[in-house]
Amino acid sequence: MSAQTPVQAPSSGALPSANPFQRLAALVEGVEPARPPIVMTIGEPRHAIPDFVGPILQENLADFRRYPPIDGTPEFRAAVADWLDRRYGLEGAIDRKSGVLPLNGSREGLSFSAIAARDQLGKSHERPAVLFPNPFYQTYAAAAHIAGAEAVLLDATPEHGFLPDIDSLDESLLERTVAFIYASPSNPEGSVASFETYCKLIALARKHDFFVFADECYSEIYRSSPPPGILQAAHSMGEGFSRVVSLNSLSKRSNLAGLRCGFASGDPEFLSRWVKFRGLAAPQVPMPAQAVAVRAFADEAHVEENRRLYNEKFAVAEQRLGPVMGKKVTPEAGFFLWLDVKRWGGGIEVTKALWAETGVKVLPGAYLASARGGENPGADFIRIALVEDRETIDDGLSRIADFLGGSA
């Protein structure tokens, strides 16, 4: 199968029967590691949470008694809009009343995004389509499943910078598309879409009448240059934010995955209609959490320190694994390594052997992708999360390097 060929999966089979970590547990079940374990699988932040979180929660404790407004507090919406202005140069273009919605983390918003797009567009096609990259965050498949849509997986391969090739998409497919879930920086590869790619994607959405939901939750975990954002691209096109929604959260940016606080921002018409559905079906974000978000989005010092810690660990990764791999291993953004281990037998084989012989647990790339209709684009890879402290990461990567170097 060509790398440009979309993998089309029936909606009934779009949602995997087990998540990647359940599959990993089954793979290594009964295997006793030869060395003390180091787990490098889950992308759960381990860096310290900002110092201001506790005091702000305490100050707003009484608000846990209250039902929060589904559209968020005015302070929350303003803080998000102000941050987006500073980050992407939007010049006040975000509607502070209808252009921002709080989410219980970006995952919750992504889950409901496709059904909202389907209902708002009212396309008459018998089988609406939801497009997303392959490999993919499993919530994207859930979104298509919930919407009763056909999940169309677009292989993200090295030939296209580990991003979907949007130039190859068929016109008839785009006509029945209701949502394109696009991730940049991407998970697991850490690839960044160019400004021009975003502009091209927005133009397609407006021409063929679908919504782009940009998953940008890794936007602040980058090596040197801030990744462009979809709202930035839309603003430059001079036609507002029609058909464009960015989703982000405090989980990666501020190490607050457990706070479950994120946002959707962009198309005010879409969001003002979506909030009515969410008022019936979605949980509100507690006001103390929103108060933390107001402070977090106003403070960049903790984000810069967070980024510095990750970049130190990527420097270790380059030192340990670069010579073994024979090339640079550091991605543009994110906190994962996406290593091609084909010459050692592929991702699943290497994962099992690493666990048995070194005690390091990684995630097979095949478990983050689908092979429907052809080869699995993640089969040659392993994903390694650099979330632990630097010493633990150094130990784990040294074991991996020794294993790969000794098995070459």
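Note that full-length UniProt numbering numbers the sequence shown so that position 273 is 273, with each residue one more than the last.
Just so it is clear, CB atoms sit at the ideal spot from N, CA and C, and this is done for glycine as well.
Which of the three DSSP states is assigned to residue i in this structure?
i, result
"residue 245", "strand"
"residue 211", "strand"
"residue 175", "helix"
"residue 394", "helix"
"residue 206", "helix"
"residue 186", "coil"
"residue 281", "helix"
"residue 79", "helix"
"residue 27", "helix"
"residue 340", "strand"
"residue 222", "strand"
"residue 52", "coil"
"residue 442", "There is no way to answer for residue 442, as the model of the chain reaches only from 1 to 408."
"residue 162", "coil"
"residue 18", "coil"
"residue 150", "strand"
"residue 181", "strand"
"residue 235", "helix"
"residue 217", "coil"
"residue 371", "coil"
Would you mind working out which of the options sits nearest residue i, comparing C-alpha positions?
i, options, result
"residue 185", "85, 202, 162", "162"
"residue 93", "278, 290, 268, 386", "268"
"residue 349", "91, 84, 237, 366", "366"
"residue 218", "354, 106, 272, 407", "106"
"residue 236", "220, 199, 257, 210", "199"
"residue 280", "69, 85, 32", "69"
"residue 67", "289, 254, 347, 301", "289"
"residue 387", "308, 347, 342", "308"
"residue 209", "298, 222, 342, 180", "180"
"residue 406", "286, 370, 364, 343", "343"
"residue 319", "393, 148, 359, 197", "393"
"residue 274", "115, 197, 188", "115"
"residue 187", "148, 122, 331, 50", "331"
"residue 372", "263, 153, 197", "153"
"residue 28", "383, 399, 363", "363"
"residue 221", "310, 347, 341, 139", "310"
"residue 391", "345, 383, 313, 354", "313"
Between residue i and residue j, what straight-line distance do the alpha-carbon atoms span, to the nearest angstrom?
i, j, result
"residue 40", "residue 124", "45 Å"
"residue 284", "residue 43", "25 Å"
"residue 81", "residue 205", "23 Å"
"residue 246", "residue 266", "6 Å"
"residue 26", "residue 60", "44 Å"
"residue 339", "residue 34", "23 Å"
"residue 31", "residue 360", "12 Å"
"residue 226", "residue 183", "15 Å"
"residue 377", "residue 74", "44 Å"
"residue 336", "residue 190", "7 Å"
"residue 321", "residue 85", "38 Å"
"residue 103", "residue 402", "43 Å"
"residue 287", "residue 244", "27 Å"
"residue 146", "residue 248", "21 Å"
"residue 228", "residue 90", "12 Å"
In the DSSP assignment, what residue or residues form a beta bridge with residue i?
i, result
"residue 155", "134"
"residue 364", "382"
"residue 264", "101, 247"
"residue 70", "Bridge partners of residue 70: none, in fact."
"residue 38", "360"
Margin query: Runs of 3 residues minimum, wholly inside the segment 93–142: which ones carry the beta strand (DSSP E) assignment?
Written below: 100–103, 129–134
Checklist line | Segments of 4+ residues assigned as alpha helix (DSSP H) that fall wholly inside the segment 273–336 | finding: 287–298, 301–325
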